[in-house]
Structure formats: structure tokens, C-alpha cells
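Sequence positions in the sequence shown follow this note's numbering and run 33 to 275. Even glycine gets a Cβ: it sits at the ideal position worked out from N, Cα and C. Keep in mind it's a predicted model, so treat the numbers as computed, not measured. Below is one structure; the comments refer to it alone.
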Amino acid sequence: MKASRLAATGALAGAAVLALSAPAFAHVTVQPEGTAAKGGYAVIDFKVPNERDDASTTSLEVTFPTDHPLASALPQPMAGWKIQVTKSKLAKPVEMHGEKINEAVSKITWTAEGKGVEPGYFQKFPVSVGALPEDTGELVFKALQTYSDNEVVRWIEVPQDGQKEPENPAPVLTLSAASGDGHHGTATAEDASDKTTTAAADSSGDTDDGTDTTARVLGVVGIAVGALGVAYGVLAGRRRTDA
Numbered sequence: 033m034k035a036s037r038l039a040a041t042g043a044l045a046g047a048a049v050l051a052l053s054a055p056a057f058a059h060v061t062v063q064p065e066g067t068a069a070k071g072g073y074a075v076i077d078f079k080v081p082n083e084r085d086d087a088s089t090t091s092l093e094v095t096f097p098t099d100h101p102l103a104s105a106l107p108q109p110m111a112g113w114k115i116q117v118t119k120s121k122l123a124k125p126v127e128m129h130g131e132k133i134n135e136a137v138s139k140i141t142w143t144a145e146g147k148g149v150e151p152g153y154f155q156k157f158p159v160s161v162g163a164l165p166e167d168t169g170e171l172v173f174k175a176l177q178t179y180s181d182n183e184v185v186r187w188i189e190v191p192q193d194g195q196k197e198p199e200n201p202a203p204v205l206t207l208s209a210a211s212g213d214g215h216h217g218t219a220t221a222e223d224a225s226d227k228t229t230t231a232a233a234d235s236s237g238d239t240d241d242g243t244d245t246t247a248r249v250l251g252v253v254g255i256a257v258g259a260l261g262v263a264y265g266v267l268a269g270r271r272r273t274d275a
């Protein structure tokens, strides 16, 4: 009876490890390189993990927000990928830096010309964007991830405050406040573009991201092992008392 109780405790701890470690690498996400300040320019990375054991990711299609259009969106050239930038007319022109903008980037599609993102790897897709809006704290980029077996995963569900994270959340870019010096973080489009040009295309993994994820997973495993140790100690103490 006591042994089965210990086994059940171990199973629950193992399930906790899997549940807490999986979200660290499961979703398509977007993060800035440095900061993404309101009113400024930034380089953002769409991070795409391969979640399949028997298929490669061969296409990524990212839809850009129309409620807060971005006049400039320059993807970094990537070996082994064809990139298509789609622009659309705006229903209502917007004014940026004293100029009226009648069209903006509405979609960017990356299509693999080779094997794509193979099982066990992830890929970053960098884009220089701006000027970032000043009247919102986040931008939502809905994405479609296509695999070599023609499966399409739709990362289009918008997370809502106070609610559980959806199964297929859309990538959300959080914007920071403009700096007090009036430069809005990254000062110019040229600075962001230079950063994109000089950044190396990461086709097989990222050391910092990998280390961070590993640390989180090991931390959770440590907690689980500690819980098992406590449970074992309690049961052993009861066994001695019963004896």
C-alpha cells in the first residue's frame, strides 16, 4: 500500500516536470533583439521550433497587424529560404514622422528551398520593423507553420488577460515605454536594419536560449526530485513507527 502511494507520488511529480517544461519550447513566439520601444525601430525574431519527430517545418507565414500597421518591415536574408513580403493598401492612411503612409506590410512568408527546420531543431526568422506604434503596449502577429507532410499549425489564437493560455497562441510582441531622451529606444530604421544585416542566421539552435531552457527544466526536475525525497522520508518514518 505504501509502495503504491510512493509510486503515485513519483508519477505526479513526473507529470509536473513534463507540464512545466513543455511550454518553454513548444510555441511559435516573437521577441525583440534588445528592446522594442514605442515609437522606435527594432529587430524582432520569430522563433519557430519543430514539434514533430517525422516531418520538417517547410514554411512560416506571419500576418502583420492591420490595426497598428508597420510601414517598414525588412526581413533578413536567410540561406535556404525564399522570402516574400506582401504589402496592402490601408483602409485609412496613417501619418508617421510627418509623412502619410498609404500601404504597409501585411504578411511575410518564408518558404524552405531545402530541408527546412528539421526535427530536433528551431529557427529564428529576423525582421527589422518600425516605426512601432505609441498607442498600444503589444502587437499580435498571427502565424501559420507548415510541415513537410502538409500539416498546418495555426498559431492564431489571441491570449486574453486573466484567461488560460490558448492551445495555439499567436505570437505577441510586448512594447516597452519610449526612453526619456526622446529617441524611443532604437534611434533609426538604419540602426535596426544594420543590426539585421550583421546578425548571423541561426539554423540549428541558440546557445543562450538552449542554456536558459535547460536551466528551467533542470530546476523543475530538482524540485520534483526533492518532493520525492520528502515523500520517501515521510513514508520511511511511518514504517519505523509502525514497526
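Return the CA-CA distance between residue i and residue j, expressed in angstroms with no decimal places.
i              : j             : result
valine 94      : serine 160    : 14 Å
glycine 194    : alanine 103   : 32 Å
glutamine 155  : leucine 106   : 18 Å
threonine 206  : aspartate 86  : 33 Å
aspartate 181  : tyrosine 153  : 17 Å
glutamate 197  : isoleucine 76 : 22 Å
alanine 202    : lysine 139    : 14 Å
methionine 110 : glutamine 192 : 33 Å
threonine 168  : valine 190    : 15 Å
leucine 65     : glutamate 199 : Looking at the sequence itself, residue 65 is glutamate, so the reference to leucine does not match. Cα to Cα, the separation comes out at about 26 Å.
In the structure shown, what three-state DSSP assignment does residue i receive?
i             : result
arginine 84   : coil
threonine 168 : coil
glutamate 65  : coil
isoleucine 76 : strand
valine 190    : coil
tyrosine 153  : coil
glutamate 93  : strand
lysine 196    : coil
alanine 210   : coil
If contacts are defined as beta-carbon pairs under 8 Å, then residue i and residue j qualify, I think. What distance do you get, rounded to the angstrom?
i             : j              : result
glycine 146   : glycine 112    : 4 Å
valine 24     : tryptophan 187 : Because residue 24 is not part of the residues shown, which for the chain are 33 to 275, the question remains open.
asparagine 82 : glutamate 135  : Going by Cβ atoms, the distance from asparagine 82 to glutamate 135 rounds to 34 Å, so no, they are not a contact pair.
alanine 58    : glycine 162    : 29 Å between Cβ atoms; not a contact.
threonine 89  : glycine 148    : 5 Å
What residue from the options has the CA that sits closest to residue i's CA?
i                : options                           : result
lysine 174       : Val185, Leu164 and Glu166         : Val185
phenylalanine 96 : Glu170, Glu199, Glu131 and Pro191 : Glu170
proline 124      : Pro203, Pro201 and Asp99          : The residue asked about is misnamed: residue 124 is lysine in this sequence, not proline. Of Pro203, Pro201 and Asp99, the residue nearest in Cα terms is Asp99.
leucine 164      : Pro64, Ala58, Val62 and Ala68     : Ala68
valine 137       : Val126, Ser120 and Ala144         : Ser120
valine 172       : Arg84, Leu92 and Pro101           : Pro101
leucine 122      : Tyr179, Ile133, Glu166 and Lys114 : Ile133
Pick out the complete beta strand (DSSP E) segments inside the region 111 to 141, 3 residues or longer, and give them in chain order. 113 to 128
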